[in-house]
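Contents: one structure, followed by commentary.
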Amino acid sequence: MTPDPRTPVLVGAGQVLQRAEDPREAQEPLLLMAEAAERAAEDAGAPDLLRRLDAIRVPKGLWSYSNPGAWLAQRFGAVRPETQLGVISGTTVLKMLAESADDIQAGRRDAILVVGGEAEHSKRRARAQGFEVKRTAQEGPPPDRGMPEVFDWRNNPDIAAGLLNPTQCFGLFEVALRHRRGESVEAHRRRIAELWARFARVAADNPNAWVRDAPDAGAIAEPVGGNRVVAAPYTKYMVANMVVDQAAALLLTSVGTAASLGIPEERWVYPWVATQADVGKHLSDRGDLAEEGTIRLAGRRALERAGTAPEELGPVDLYSCFPSAVQLAQQELGLGEDATPTVTGGLTFAGGPFNNYVIHALATTMERLRKEGERPGFQSAVGGFMARHAFAVLGREPRAGGFESLDLSDETTTLPGRTYLADYTGPVTIESYVVPYAADAPERAVVAARTPEGARCWARSEEADLLAAMVEEEFCGREAFVDADREIRISASPT
C-alpha cells in the first residue's frame, strides 16, 4: 500500500546513558537531550533534519529550564520552531506523540522532535560531595505551547488520607490485587519479585539500561543491604528509579519529507493508533481497587482501531513504575500474566528518568520493529494516581486510513464509581492498605475501607504492633472500626 505523503512516520531514535565518575564532568540535561537528538538524526541517516525542525516537544523534567526547546533549536540552527513543554505525567510522551502525528497528518507541521533527559544521578552525587552542579540558566519567552493539567490536585481526598506519593498509591492497588487472588503475603511477595526479575533480565541485555546486573527474585524481594522497604509490600527494587542520567529522542516527519530526504524505508516506523483517557475521579471515588476500567476502555480501543489483538502483538512495553501498574494492564488488556511485557527492562532497571521513560521505550520498540517487523508494537503509559492512561500501536507498514488519535476521557464517566464518605465513623471491612516506611521501620498505615453500605472511607494507624502485623499478615477482609480521628481499630479475623 502506498501511503499518503502526509502520513506521519517515525524516522529516527536516539538514546544516551551517562555514567560520569566525577559529577563535575557530567553533562547537564540540556546537553544530554542535544546528544540524543543528534543520535536520532544519525539513526535516520539525515543529520540535516534537525535544522528543518518546525516543532520541538519536551516533557517537563526535574530541572528548572523554562524553554528547553528554544535552546535546542538555537543549537541545531532550526528557524523558530514551535516549542512545547509538557506537564509532569507518565502519559505526556504518548500525548506528545499523538499530537505530533496529528499535526503532521493535518499539514500543520512537517518535522518534529520529541526529546527528554535527566541528570539526577550526577546532581545527587555532587550534592553528596558538597557542591551543586552547574545548569544553564534560561531567560526569554516561555514555550509556544503548554499542555493542560487535567487533574485538580487541590483539596484531594486521597492526599488528605495520607497517600502522599505514587509508591503509596500503587502499593494500595497491589494489596487489593493480592487479596483478589487469595494469595498469602509471602506468596504474593515472591510472585511480584519473580515478575520484576524477568524485567531485570531484559534490562541486562539492554545496552541503554541503568541497572544491568539482573538481580534475581530473592534479591528483589528481600529487604537487605540497600534494598530497603519503601512502602510495604514494595522494596526499593520494585519501584521506579529516577536517579539516572539518561536522555532519549524521537524524530517524526511526513512520508513525503522522509522520502525527499532519502531516509530509507527500512528505517520507518508508523504510528497507527493512539488513545488516551484521563479519569475524572479521585481514587477515593473509584470502583474496585483491584480493577482499572480506564485501561480496559482505552487500551482495548487502541487494539481494536489498529485491527489487532493481544495475541497478535510483537514488542509490548507496559508502563512499569510499580508491579501493580503492569498487573492491572495485563489483567484489563488480556495480555496474560506469564508474559514479560517490557522492551527495556522497565523503570526500575532500565531507568525511570522522571517524565520521559516512554521515549526510551518507543526508541527501543522502533529498533525491535525494524528487525522483527511482522507484528505491531504496543506501548502503554500511566500518570498520576492511576488517573491518566495512554496507549499507542505502531507498525512497520502504514495503516489503512492513516494515523488515528482518540481521547476517550468523556467515556470514563460511565465506569463504575463508589460513594466516598470523608467523615465516616463506624464499622468497616478493610478493602486494601499500604504501610509506608521511615528508615527501616513501618511508619504508618493508610487503609481503604468499605462501610456496611459499600461506600469507601479512609483510615490510618501508627500503632507499632499493628503495623508490624500488617506487613506480614493479610488484613484485607477483616472487620474493623473507624473512630472520629480516622484511626482504624481491628475487631475480627479475616473473612
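For the sequence shown, position 493 (counting from the first letter as 1) is numbered 505 according to the working numbering, and the numbering increases by one without interruption. Each residue gets a CB set at the ideal place from its N, CA and C atoms; glycine is no exception.
Quick one: residues in its chain with C-beta nearer than 6 Å to the C-beta of Q96, no 5 flanking neighbours on either side, listed in chain order?
Counting only Cβ-Cβ distances below 6 Å, and skipping sequence neighbours, we find R69, P155, R157.
Out of curiosity, what's the CA-to-CA distance linking G237 and P227?
Roughly 13 Å between the two C-alpha positions.
Kindly list the residues whose CB is nearer than 7 Å to the CB of S503, restricted to its own chain and excluding five residues on each side of it in sequence; keep chain order.
Once the five neighbours on either side are set aside, the close Cβ partners of S503 are E491, A492, F493.
Quick one: give me the first and last residue of the alpha helix (DSSP H) that L301 is part of.
Element bounds for L301: n/a, residue is neither H nor E.
So is G183 buried or exposed if we call it buried at 16+ other beta carbons inside 10 Å?
Under this definition G183 is a buried residue.
Just how far apart, CA to CA, sit H294 and V91?
When rounded, the distance between both Cα atoms is 43 Å.
Using the Cα positions of P71 and M482, report the straight-line distance between them to the nearest angstrom.
Approximately 38 Å, taken between the alpha carbons.
Can we say the stretch 120 to 128 touches the stretch 400 to 416, given the rule of at least three CB pairs closer than 8 Å?
Touching, no.
Should T352 be listed as close to the ligand PLP, given that the test is whether its C-beta is under 6 Å from any heavy atom?
Annotation note on the ligand PLP: not contained in the displayed structure, which lists no ligands.
Could you give the distance in angstroms between the alpha-carbon of A286 and the alpha-carbon of F390?
A direct Cα-to-Cα measurement between A286 and F390 gives close to 10 Å.
Meets three-Cβ-pair contact criterion under 8 Å: the stretch 444 to 454 and the stretch 332 to 340:
No: fewer than three Cβ pairs fall under 8 Å.
Between F366, G299, A221, which has its C-alpha nearest R462's C-alpha?
Comparing Cα-Cα distances from R462 to each of F366, G299, A221, the minimum goes to G299.
In the structure shown, what three-state DSSP assignment does R87 receive?
In this structure, R87 counts as helix in the three-state DSSP scheme.
Go to D60, then tell me how far its alpha helix (DSSP H) extends in each direction, as first and last residue.
First-last for D60: undefined, no H or E at that position.
What's the call for T360, buried or exposed, on a 16-neighbour Cβ count within 10 Å?
The residue is buried, with at least 16 neighbouring Cβ atoms inside 10 Å.
Quick one: what does DSSP say T360 is sitting in, helix, strand or coil?
Correct three-state label for T360: helix.
Can you give me the C-alpha to C-alpha distance between E474 and A457, rounded to a whole angstrom?
Going from the Cα of E474 to the Cα of A457 covers about 7 Å.
Report yes if the C-beta distance between E132 and M254 is below 7 Å; otherwise report no.
Taking 7 Å as the Cβ cut-off, E132 and M254 qualify as a contacting pair.
Is the Cβ-Cβ distance between R190 and H200 less than 7 Å?
Taking the C-beta atoms as reference points, H200 is found nearer than 7 Å to R190.
Alpha-carbon spacing of V459 relative to I442, whole angstroms
Rounded to the nearest whole angstrom, the CA to CA distance from V459 to I442 is 7 Å.
Where does S101 sit, in a helix, a strand or coil, going by DSSP?
Correct three-state label for S101: coil.
DSSP three-state label for P506, please.
Any reading at P506 must be qualified, since the residue scores a pLDDT of 48, below 50, and its modelled position is unreliable; the value itself is stated next. Correct three-state label for P506: coil.
Considering only residues of the same chain and omitting the five flanking positions on each side of E234, which have a CB-CB separation below 8 Å?
T247.
Along the chain, where does the beta strand (DSSP E) containing V494 start, and where does it finish?
Residues 491 to 494.
In whole angstroms, what is the alpha-carbon distance linking S101 and R400?
Straight-line Cα distance between these residues: approximately 8 Å.
By the DSSP assignment, the beta strand (DSSP E) with D3 in it spans what residues?
Residue 3 is absent from the structure shown; the chain starts at 13 and stops at 507.
Beta-carbon proximity of L43 to F185, cut-off 7 Å:
Contact flag unset, no.
How close, in whole Å, do the beta carbons of V291 and T424 come, if the pair is a contact with beta carbons under 8 Å?
A Cβ-Cβ distance of about 5 Å is found for the pair V291 and T424, placing them in contact under the 8 Å criterion.
Under a three-way DSSP split, which group does G183 fall into?
Correct three-state label for G183: helix.
Checking the sheet assignment: what are the DSSP bridge partners for A10?
Because the chain spans 13 through 507 in this model, residue 10 falls outside it and cannot be assessed.
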